[in-house]
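Peer 1:
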Amino acid sequence: MNLDYTPADDAFRADVRAWLEANLPHELRDKVHHHKRLNREDFASWHRLLGTRGWSAPAWPREYGGPGWDATQRHIWDEECARIGAPGVLPFGVSMVAPVLMKYGSEAQKRHYLPRILDGTDWWCQGYSEPGSGSDLASLRTKAERVGDHYVVNGQKTWTTLGQYADMMFCLVRTDSGAKKQEGISFLLIDMKTPGVTVRPIIMLDEEHEVNEVFLEDVKVPVENLVGEENRGWTYAKYLLGHERTGIARVGQSKRELEFLKKLALNQRKNGKPLLHDPVFGAKVANLEIELMALEVTVLRVVSSEAGGRGPGPEASMLKIKGTEVQQALTELMVETVGPVAAAFDPAFLTGEREHSIVDDDAAPLAAYYFNYRKTSIYGGSNEIQKNIIAQMILGL
Ligand SMILES: Cc1cc2nc3c(=O)[nH]c(=O)nc-3n(C[C@H](O)[C@H](O)[C@H](O)COP(=O)(O)OP(=O)(O)OC[C@H]3O[C@@H](n4cnc5c(N)ncnc54)[C@H](O)[C@@H]3O)c2cc1C
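Under my numbering, the first residue of the sequence shown carries the number 4, and numbering increases by one thereafter.
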């Protein structure tokens, strides 16, 4: 499946591929291919390594130290990283708060934070969701009161991904309780070391510590850490969510996982033949492959309209829904392929503490992977909410 790639695009792809082949550490590649857990240092060291080539923020313009790639080059980069099994660059700093700062931040904020995001000095987390305010985000209640040259913040955030490692949190807070709910929200940058910030783990179905609750008690935040104007935070929050959704289709990753599934199903036997050749199972894999090809065509349409200068629109919601459905279906078929072997939970192998699993190295991480991927239809705006967006913005219902 090809865009109209130019010879320059092909040369770009060859350059990126050669660099990744030469520089992606074998252990990281193995962890990604085998669905093992990546730790803080895995993400941080990969970010630093990308920085040595000027590629730690692929979507940034040159002005801020990015490579200045166009939409097609960014797509090629995503494809090549997924193909080889490179860890994703964490989005919270590079692709979420940075675009907001570039568009709405003060000069001082840009000067201070952007270089620190680029070189990995600051690890960011996203403080949007609260208990009772997820899909209905605008109902959020965490309050910030202006006292002299500070805001005093009180409230609770939840589902804060990797917040246990974060140096900074971009946070939505209510600064005007009297206004319409979308109009009384502001966008604050909070240093996680400020007294009054407490991070508590939430352990997920796969026993992984990936998300947290963050409690904010009388947290003093300097007014310089307000982004843009007070009570205009909803505008900035929506701008950021548009950036969050476009990468979410993860076609390259699903193509790699499809190959893994096929390999797995070729090695399993049913009635003396490879499971992949069983007509019923084979049909399920073929259907999924067709869905994935259709998704890829849709992504390419969005990429080429972006290349023509249009920003991501409500199409991002289609990519999110279909992308996550395909990702989840892949994990389901993998578990179906290995059957009871997937039930063997082997945390030491998952974290890389032990080199080989107690059962089968390919199969052992699959139950955890399956459970972990239930999240994809919830985060980044649940799939039901994406359907509402499509109904309103695309179908005009
Ligand atoms: C693994 C994971 C990581 C996350 N990381 C972060 C993070 O780093 N930072 C952050 O701020 N948030 C994060 N989130 C939170 C995420 O954005 C919310 O979970 C999500 O927006 C859904 O909100 P909720 O959990 O409150 O569910 P609810 O909003 O209570 O929804 C419950 C169910 O009702 C459905 N529903 C709700 N409203 C409607 C409607 N109007 N129409 C149809 N159906 C509806 C939903 O689709 C869902 O199925 C994360 C979530 C997960 C699971």
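All C-beta atoms in this analysis are idealised placements derived from N, C-alpha and C, irrespective of residue type, glycine included.
#1: Figure out for me which residue from Pro102, Asn215, Leu400 and Leu165 has the closest Cα to the Cα of Tyr242.
#2: Mapping DSSP to helix, strand and coil, what is Tyr154?
#3: Throw me the rounded Cβ distance for the Leu322 and Ile206 pair, which I believe falls under 8 Å.
#4: In angstroms, rounded to a whole number, what distance separates the CA positions of Lys106 and Leu117?
#5: The beta strand (DSSP E) that contains Met105, what's its start and end?
#6: Can Ser59 and Leu104 be called in contact, C-beta distance under 8 Å?
#7: Is Gln129 near ligand 1, with its Cβ less than 7 Å from a heavy atom?
#8: Compare the Cα-Cα distances from Glu216 to each of Pro70, Gly123 and Glu133 and report the closest residue.
#9: Does the distance between the C-beta of Asp139 and the nearest non-hydrogen atom of ligand 1 fall short of 7 Å?
#10: Compare the Cα-Cα distances from Glu358 to each of Val341, Asp18 and Asp33 and report the closest residue.
#11: Please classify Asn228: is it buried, with 16 or more other beta-carbons within 10 angstroms of its beta-carbon, or exposed?
#12: CA-CA distance, Leu353 and Ile361?
#13: Per DSSP, what kind of secondary structure is Leu41 in: helix, strand or coil?
#14: Please state the DSSP three-state secondary structure of Ser307.
#15: Taking just the CA atoms, how far does Lys160 sit from Arg203?
#16: Quick check on the DSSP output: the beta strand (DSSP E) that includes Lys404 runs from which residue to which?
#17: Assuming Trp63 is part of the alpha helix (DSSP H), what are its boundary residues?
#18: Is any heavy atom in ligand 1 found nearer than 7 Å to the beta carbon of Glu83?
#19: What ranges does the alpha helix (DSSP H) occupy inside the segment 288-359, keeping only unbroken runs of at least 4 residues that lie completely in it?
#20: Could you check whether Arg259 and Ala367 sit closer than 8 Å to each other, using their CB atoms as the reference points?
#21: Tell me whether Ile120 sits in a helix, a strand or coil according to DSSP, three-state version.
#22: Under three-state DSSP, which class holds Ile408?
#23: Return yes when at least one heavy atom of ligand 1 lies under 7 Å from the C-beta of Trp126, else no.
#24: Alpha carbons only, please: which of Ile188, Glu356 and Glu299 is nearest the one belonging to Gly326?
#25: One question on the structure: do Ala147 and Ser109 come within less than 8 Å of each other, judged by their Cβ atoms?
#26: For the beta strand (DSSP E) containing Asp221, name the first residue and the last one.
#27: Just the C-alpha distance for Gly135 and Val155, rounded to the nearest angstrom, thanks.
#28: Spatial neighbours of Pro317 within its chain, please: CB distance less than 6 Å, with the 5 preceding and 5 following residues excluded, ordered by chain position.
#29: Measure the beta-carbon distance from Arg428 to Gly123 and round it to whole angstroms, keeping in mind my assumption that it falls under 8 Å.
#30: Go to Thr164, then tell me how far its beta strand (DSSP E) extends in each direction, as first and last residue.
#31: Taking 7 Å as the cut-off, is the CB of Val214 close to at least one heavy atom of ligand 1?
#32: Inspect the CB distances between the segment 66-85 and the segment 377-388 and report whether three or more fall short of 8 Å.
#33: Determine the extent of the alpha helix (DSSP H) in which Phe263 is found, giving its start and end residues.
#34: Hey, how far is the Cα of Thr9 from the Cα of Gly181?
#35: Please work out which residues of its chain come closer than 7 Å, Cβ to Cβ, to Asp209, disregarding the five sequence neighbours upstream and downstream, and give them in chain order.
#36: Would you say the beta carbon of Gly69 comes nearer than 7 Å to a heavy atom of ligand 1?
Peer 2: According to the data block:
#1: As a first step, residue 242 is located in the sequence shown; it is residue number 239 there, counting from the start. When each option's Cα is compared against that of Tyr242, the closest is Pro102.
#2: Taking the first residue of the sequence shown as 1, we reach residue 154 at position 151. Strand at Tyr154.
#3: Within the sequence shown, residue 322 is the residue found at index 319, counting from 1. Within the sequence shown, residue 206 is the residue found at index 203, counting from 1. With 8 Å as the limit, Leu322 and Ile206 do not qualify as a contact, their Cβ atoms being about 30 Å apart.
#4: As a working note, residue 106 is residue 103 in the sequence shown. As a working note, residue 117 is residue 114 in the sequence shown. Distance between the alpha carbons of Lys106 and Leu117 is about 12 Å.
#5: On the sequence shown, residue 105 is found 102 positions in, with the first residue counted as 1. Met105 -> not in any beta strand (DSSP E); alpha helix (DSSP H) instead, spanning Ala101 to Tyr107.
#6: Residue mapping note: residue 59 aligns to position 56 of the sequence shown, counting from 1. Residue mapping note: residue 104 aligns to position 101 of the sequence shown, counting from 1. No. Outside cutoff.
#7: Your numbering for residue 129 matches position 126 in the sequence shown. Yes; taking the cut-off as 7 Å, the Cβ of Gln129 has a heavy atom of ligand 1 nearer than that.
#8: Residue numbering aside, residue 216 sits at position 213 when the sequence shown is read from its first letter. The option with the nearest alpha carbon to Glu216 is Glu133.
#9: Residue mapping note: residue 139 aligns to position 136 of the sequence shown, counting from 1. Asp139: yes, Cβ under 7 Å from ligand 1.
#10: Residue 358 sits at position 355 when you count from the first residue of the sequence shown. Selected option, being the one with the closest Cα: Asp33.
#11: Position 225 of the sequence shown holds residue 228. With 16 or more other Cβ atoms within 10 Å, it is buried.
#12: Here residue 353 refers to the residue found at position 350 of the sequence shown. Here residue 361 refers to the residue found at position 358 of the sequence shown. For Leu353 and Ile361, the distance between alpha carbons rounds to 11 Å.
#13: Along the sequence shown, one-based indexing puts residue 41 at 38. Note: Leu41 maps to coil in three-state DSSP.
#14: Sequence index remark: in the sequence shown, residue 307 carries index 304 (1-based). If DSSP states are grouped into helix, strand and coil, Ser307 belongs with the helices.
#15: Reading the sequence shown from its first residue, position 200 is the one you call residue 203. Reading the sequence shown from its first residue, position 157 is the one you call residue 160. So the alpha carbons of these two residues sit roughly 11 Å apart.
#16: Limits of the chain in this structure are 4 at one end and 400 at the other, which puts residue 404 out of reach.
#17: The residue given as residue 63 occupies position 60 in the sequence shown. No alpha helix (DSSP H) contains Trp63, which DSSP labels as neither H nor E.
#18: One-based indexing of the sequence shown puts residue 83 at position 80. No, since every heavy atom of ligand 1 falls outside the 7 Å radius drawn around the Cβ of Glu83.
#19: 318-341 and 350-353
#20: Indexing the sequence shown from 1 puts residue 367 at position 364. Indexing the sequence shown from 1 puts residue 259 at position 256. Not a contact, by the Cβ cut-off of 8 Å.
#21: What you label residue 120 is simply residue 117 of the sequence shown in a count that begins at 1. Three-state result, Ile120: helix.
#22: Because the chain is modelled from 4 through 400, residue 408 falls outside the range shown and cannot be assessed.
#23: Start at 1 with the first residue of the sequence shown, and residue 126 comes out as number 123. No, ligand 1 has no heavy atom inside 7 Å of this Cβ.
#24: Along the sequence shown, read from residue 1 onward, the residue named residue 326 stands at position 323. Nearest C-alpha to Gly326: Glu299.
#25: Taking the sequence shown and counting its residues from 1, the one referred to as residue 147 is at position 144. Taking the sequence shown and counting its residues from 1, the one referred to as residue 109 is at position 106. Result no, Cβ atoms of Ala147 and Ser109 do not sit closer than 8 Å.
#26: Along the sequence shown, one-based indexing puts residue 221 at 218. Note, Asp221: beta strand (DSSP E), His212 to Pro225.
#27: Numbered from 1 along the sequence shown, position 132 holds the residue referred to as residue 135. Numbered from 1 along the sequence shown, position 152 holds the residue referred to as residue 155. The alpha-carbon atoms of Gly135 and Val155 are separated by roughly 22 Å.
#28: Your numbering for residue 317 matches position 314 in the sequence shown. So the qualifying residues of the chain are Ile392, Met396 and Ile397.
#29: Residue numbering for the chain in the displayed model covers 4 to 400; residue 428 lies beyond these limits and cannot be assessed.
#30: As a working note, residue 164 is residue 161 in the sequence shown. Thr164 -> no beta strand (DSSP E), and no H or E assigned at all.
#31: Counted from its first residue, the sequence shown places residue 214 at position 211. At least one heavy atom of ligand 1 is nearer than 7 Å to the Cβ of Val214, so yes.
#32: no
#33: As a first step, residue 263 must be located in the sequence shown, where it is residue number 260. Note, Phe263: alpha helix (DSSP H), Val254 to Asn270.
#34: Stepping through the sequence shown from its first residue, residue 9 is reached at position 6. Stepping through the sequence shown from its first residue, residue 181 is reached at position 178. For Thr9 and Gly181, the distance between alpha carbons rounds to 55 Å.
#35: As a working mapping, residue 209 is identified with position 206 in the sequence shown. Ala371, Phe374 and Asn375.
#36: For this step, residue 69 is matched to residue 66 along the sequence shown. No.
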